[in-house]
Each structure stands twice: as structure tokens, then as C-alpha cells.
Amino acid sequence: EVSITKFPADERKIIAKAHDKYKKARAGIINTRHGQIHTPAFMPVGTKGTVKAMLPESVQTTGADIILGNTYHLMLQPGAKRVFKLGGLHKFMNWSKPLLTDSGGFQVMSLSKLRKITEEGVIFNSHIDGSKFMLSPESSTEIQYLLGSTITMAFDECTPYPSTYEQAKSSMELTSRWAKRSRKAFYSRDGYGQFGIIQGSIYNDLRLKSALDLIELDFEGYAIGGLAVGEGQELMFKVLDYAPDLLPINKPRYLMGVGKPADIIGAVQRGIDMFDCVIPTRSGRNGQAFTKYGVVNIRNSKYKEDNTPLEEDCLCPACKNYTKAYLHYLVKVKEILGAMLMTWHNLMYFQKLMLRIREYIAQGKDFDFIS
Ligand SMILES: CO[C@@H]1O[C@H](CNc2nc3cc4c(=O)[nH]c(N)nc4cc3[nH]2)[C@H]2OC(C)(C)O[C@@H]12
Ligand SMILES: [Zn+2]
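Quick note on our numbering: the sequence shown kicks off at 36 and runs consecutively.
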């Protein structure tokens with residue numbers, strides 16, 4: 036396959052327009068040191084070295100090939116050097132398949148109170164005990180190496196939404212300088228990869244410049260950052276109508292932080308290969324179950340004597356062995372088993388969705404009605 040950047044600019048536009056809704060969807064396999072990733076792929080979020088309320092072997096039974104961890108949280112506790120000394124994150128959390136770690140900038144902005152952005156990096160106070168830390172392209176890349184991440188994310192600045200053109204431009208330019216330093220700091224080994232993250236907010240010329248800057252660094256894959264930050268689905272899809280096409284056609288494209296089933300389907304149709312989102316786990320713990328009948332708020336009193344499973348044909352333990360009445364009760368009385376079963380079901384639902392999308396793409400069938 037030819038990477039799209041080899042075409043002159045005007046042809047790039049024609050190629051982007053030529054793709055109709057389904058032509059951009061693609062199914063494939065990413066081979067890594069820790070196993071294969073079938074794409075389109077959904078990565079359950081395991082922020083602190085655990086997918087909350089799940090055993091790693093249970094996460095594996097849902098069909099997940101890869102999970103996400105966070106540099107920011109793990110550097111604060113237990114500390115990257117300690118995880119390294121204990122054999123790395125795979126061993127520490129007993130997950131032998133691929134691990135992708137976010138690079139920390141986004142989490143600093145959404146979690147730590149006091150922080151200062153400088154050319155060098157971000158200086159911040161831990162949201163846990165207020166102690167002072169610095170994250171830079173070099174330190175973030177080194178932390179991810181110490182964790183043993185299969186896929187390391189470049190250190191970027193997630194441009195907030197909304198941003199003026201000027202704000203988005205200078206933020207994107209900072210991300211390009213940090214990407215260069217991240218790439219230089221990366222210790223490349225067979226079967227491990229580093230992904231660049233493009234920014235540029237909703238401005239297509241900034242998105243193009245960001246892509247060109249990062250393509251020069253020849254990353255193993257590319258993420259589209261600066262989305263799922265409050266812009267809404269319509270604006271996100273407007274950016275996704277062209278942004279994936281600016282990236283090399285033969286490398287993985289990862290949309291960070293997305294999303295609900297309908298967001299995932301729309302993004303796959305626009306050429307995205309990888310996703311991560313807290314929704315299935317976080318909303319599961321909050322009593323929301325994703326089902327083919329729609330979202331079930333299990334705390335609703337109408338379920339207190341409902342002796343049927345969430346989904347009669349779902350193979351997860353919640354559906355095989357329990358009823359909505361029991362799940363309603365567990366969540367109401369805040370029993371830990373409630374969080375476990377709801378999470379397990381939602382992760383199974385999301386992986387089934389991805390499996391069906393991969394099958395439909397492989398058969399060349401349209402798939403926008405799935406959700
Ligand atoms: C639906 O869940 C809410 O939406 C956020 C997920 N949306 C998101 N967009 C992202 C963008 C970037 C980025 O540009 N760069 C880097 N390095 N990482 C990123 C991570 C991101 N995650 C969740 O994060 C909060 C907690 C704000 O609410 C959740
Ligand atoms: Zn189920």
C-alpha cells in the first residue's frame with residue numbers, strides 16, 4: 036500500500052473525497068512483541084495497572100487483545116522505577132498481551148490542580164499528595180520504557196476545546212516539537228512501537244501540518260488527539276471526515292478516548308483502527324449496562340423483580356448466571372459483585388461490537404446499523 040503523503044496536495048483532496056462512507060473502513064492485524072491486535076480494536080482502560088473490578092484473565096475472556104495504562108497515575112504510584120524493578124507492568128499486573136500507555140499530558144491537565152506548561156515540559160503537583168513532578172517528552176518516554184509498554188505514546192499537549200485558531204496553532208506546534216523529542220528519546224526494539232499524536236483542534240490546515248510534522252518522524256502508528264474533549268459527535272465526525280486520510284494508510288490509526296458504540300462505528304467508517312474509553316467500565320460501575328435493546332439503567336425500580344438476564348444470548352457470567360433483579364439489588368446496595376458483573380458484561384458487549392464490525396468489514400458488508 037502507498038502511504039497517502041506520497042500524493043501531491045490536490046490529489047490528497049481527491050483521494051479523501053473519493054472514499055465513500057464504507058471504503059475507509061479497514062480490518063487488519065497489528066503484530067507486536069506481546070501478541071496480535073485485531074483491528075478495529077477496543078482497548079479497555081486499566082489506568083492504574085488494573086481494569087477496575089476485573090481480573091486480567093476475565094478481561095481476556097471478553098476478547099480484548101490490548102489494554103491501556105496511564106503514565107501519569109503509575110509514575111505517582113507505585114512509581115515507574117519500582118514497577119521496572121518488579122519486572123515491568125505486564126508481570127506486575129499479570130497481563131501478558133499488548134499494553135498501550137498514554138503519555139501523561141492529558142491526565143495532568145484533567146487531574147492535577149497546579150501545573151505549569153513550559154517548553155521543557157509540564158511541571159505539576161500530584162493530585163494525591165501535592166508533591167511536585169515534571170513530565171517531559173524525555174521523562175514520559177523513559178517512564179513508558181520502564182513500564183515495558185508495548186505501544187508508547189508520544190508526549191503531547193491535548194489542545195482544549197474550544198480553542199481559537201491561534202491557540203490551536205501554537206499548541207499544535209508545541210506538540211510537534213515535543214513529538215520530535217519523544218521520538219528521539221524512544222528506545223526502538225522489535226515488536227514495540229511508538230505512536231505520534233496529531234493535534235490541531237477543528238482546523239483542517241493545522242491538522243494537516245500536525246500530520247506532516249509527525250509523518251516525518253516515521254512513528255509506528257498515529258493517534259488523533261484533541262477529540263472527545265467536549266466538542267460533541269458532530270464536530271468530532273467533521274474532523275474525522277478528513278483527518279485519518281492525512282495519516283499513512285498502512286499504519287494504525289488510534290482515536291483517543293472514544294467512545295460510545297455509535298461514535299466507534301462512525302469513526303471506523305472514517306478509517307480509525309483503535310479505540311479506548313472509560314465508558315464501559317465507568318458506566319458499568321455506575322449501574323449502566325449496554326445491551327442490544329439500548330442502555331439499561333439497572334438501578335431503575337422496574338428491574339427489581341425482573342427475573343431475566345440483561346441479554347439472553349450473552350455469554351458473560353452476568354447474563355449466564357444472574358438476573359436483572361439480582362444485578363439491580365447488588366448495585367443498589369453497592370455490593371462489589373455488582374460492579375464486577377456489570378463491568379464484565381459491558382466489556383463483553385464492546386468486544387462483541389468490535390468483532391461484528393471486523394466481520395462485516397471482512398465480508399465487505401455495510402455495518403452502520405450495528406450498535
Ligand atoms: C468519555 O470519557 C470522557 O472523555 C475523556 C476521553 N477523551 C479523551 N480525549 C483525549 C485526548 C488525548 C490527547 O489529545 N492526547 C493524549 N495523550 N491523550 C488523550 C486522551 C483523551 N481522552 C475521558 O477523560 C475525562 C476524564 C476528561 O472524561 C472522560
Ligand atoms: Zn452479558
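For glycine and all other residues, C-beta sits at the position ideal for the given N, C-alpha and C.
Give a yes or no on whether the C-beta atoms belonging to residue i and residue j are separated by under 8 Å.
{"i": "glycine 139", "j": "threonine 106", "result": "yes"}
{"i": "methionine 290", "j": "leucine 243", "result": "Before going on, a small fix: residue 290 reads as leucine here, not methionine. The answer is no: Cβ separation not under 8 Å."}
{"i": "lysine 132", "j": "aspartate 100", "result": "yes"}
{"i": "phenylalanine 230", "j": "methionine 188", "result": "yes"}
{"i": "glycine 156", "j": "aspartate 308", "result": "no"}
{"i": "glycine 228", "j": "phenylalanine 272", "result": "no"}
{"i": "serine 245", "j": "methionine 207", "result": "yes"}
{"i": "phenylalanine 159", "j": "valine 143", "result": "yes"}
{"i": "alanine 353", "j": "leucine 376", "result": "yes"}
{"i": "alanine 60", "j": "isoleucine 284", "result": "no"}
{"i": "asparagine 342", "j": "threonine 358", "result": "yes"}
With a threshold of 7 Å (Cβ to nearest heavy atom), would residue i be considered close to ligand 2?
{"i": "glutamate 347", "result": "no"}
{"i": "methionine 89", "result": "no"}
{"i": "methionine 144", "result": "no"}
{"i": "methionine 420", "result": "Here the chain comprises residues numbered 36 to 406, so residue 420 is not present and cannot be evaluated."}
{"i": "histidine 363", "result": "no"}
{"i": "histidine 462", "result": "Since the displayed the chain opens at 36 and closes at 406, residue 462 lies outside it and no answer follows."}
{"i": "methionine 169", "result": "no"}
{"i": "methionine 383", "result": "yes"}
{"i": "alanine 353", "result": "yes"}
Excluding the five sequence neighbours on either side, which residues of its own chain have a C-beta within less than 6 Å of the C-beta of residue i, listed in chain order?
{"i": "asparagine 381", "result": "Pro315, Gly319 and Phe325"}
{"i": "serine 184", "result": "Leu134 and Thr136"}
{"i": "tyrosine 180", "result": "Tyr222"}
{"i": "threonine 67", "result": "Pro133, Thr185 and Gly226"}
{"i": "glycine 261", "result": "Cys193, Thr194, Gln234 and Ser236"}
{"i": "alanine 374", "result": "Ala88 and Arg320"}
{"i": "serine 211", "result": "Asp248"}
{"i": "methionine 110", "result": "Ile178"}
Name the two residues that bound the continuous beta strand (DSSP E) containing residue i.
{"i": "threonine 187", "result": "186-188"}
{"i": "methionine 89", "result": "Where methionine 89 is concerned, there is no enclosing beta strand (DSSP E), given that its DSSP letter is neither H nor E."}
{"i": "valine 157", "result": "157-160"}
{"i": "leucine 111", "result": "No beta strand (DSSP E) holds leucine 111; the alpha helix (DSSP H) holding it covers 106-111."}
{"i": "methionine 144", "result": "Taken as a continuous stretch (DSSP letters only), methionine 144 belongs to no beta strand (DSSP E), being part of the alpha helix (DSSP H) at 140-146."}
{"i": "glutamine 323", "result": "323-326"}
{"i": "isoleucine 259", "result": "256-259"}
{"i": "glycine 301", "result": "Element bounds for glycine 301: not the beta strand (DSSP E) but the alpha helix (DSSP H), 296-304."}
{"i": "threonine 82", "result": "Premise fails: threonine 82 is in no beta strand (DSSP E) and is neither H nor E."}
{"i": "leucine 350", "result": "Neither: leucine 350 is in no beta strand (DSSP E) and is coded neither H nor E."}
{"i": "leucine 275", "result": "Premise fails: leucine 275 lies in the alpha helix (DSSP H), 268-275, not in any beta strand (DSSP E)."}
Does the beta carbon of residue i fall short of 7 Å from some heavy atom of ligand 1?
{"i": "aspartate 280", "result": "no"}
{"i": "isoleucine 232", "result": "yes"}
{"i": "phenylalanine 141", "result": "yes"}
{"i": "aspartate 248", "result": "no"}
{"i": "isoleucine 314", "result": "yes"}
{"i": "leucine 262", "result": "yes"}
{"i": "glycine 183", "result": "no"}
{"i": "methionine 110", "result": "no"}
{"i": "serine 138", "result": "yes"}
Within the same chain, show all residues whose beta-carbon is closer than 7 Å to that of residue i, passing over the 5 residues directly before and after it, in chain order.
{"i": "aspartate 311", "result": "Met78, Val80, Leu103, Met291 and Gly292"}
{"i": "lysine 295", "result": "Ile314"}
{"i": "lysine 48", "result": "Residue confidence for lysine 48 is low, a pLDDT of 49 falling below 50, so the modelled location carries little weight; the figure read from the coordinates is stated next. Nothing meets the Cβ criterion."}
{"i": "arginine 216", "result": "Pro172 and Glu173"}
Between which two residues does the alpha helix (DSSP H) harbouring residue i extend?
{"i": "asparagine 335", "result": "Counting along the chain, asparagine 335 falls outside any alpha helix (DSSP H), and DSSP gives it neither H nor E."}
{"i": "proline 315", "result": "314-320"}
{"i": "phenylalanine 221", "result": "Run containing phenylalanine 221: none; DSSP gives neither H nor E here."}
{"i": "arginine 150", "result": "Arginine 150 -> not in any alpha helix (DSSP H); beta strand (DSSP E) instead, spanning 150-152."}
{"i": "alanine 278", "result": "Alanine 278 -> no alpha helix (DSSP H), and no H or E assigned at all."}
By DSSP's criteria, residue i is part of a beta bridge. Which residues make up the other side?
{"i": "glutamine 71", "result": "Asn66"}
{"i": "tyrosine 289", "result": "Ala258 and Met309"}
{"i": "aspartate 137", "result": "Asn105"}
{"i": "isoleucine 237", "result": "In DSSP, isoleucine 237 forms no bridge with anything."}
{"i": "leucine 170", "result": "Val157"}
Give a single yes or no on whether residue i has its beta carbon closer than 7 Å to a heavy atom of ligand 3.
{"i": "methionine 188", "result": "Ligand 3 is not part of this structure, which contains only ligand 1 and ligand 2."}
Looking only at its own chain, which residues have a Cβ that is under 8 Å from the Cβ of residue i, when we skip the five neighbours before and after it?
{"i": "lysine 327", "result": "Glu346"}
{"i": "alanine 70", "result": "In the sequence as presented, alanine is not what sits at residue 70; that position holds glycine. Excluding positions up to five away in sequence, the list reads Asp100, Ser131, Lys132 and Pro133."}
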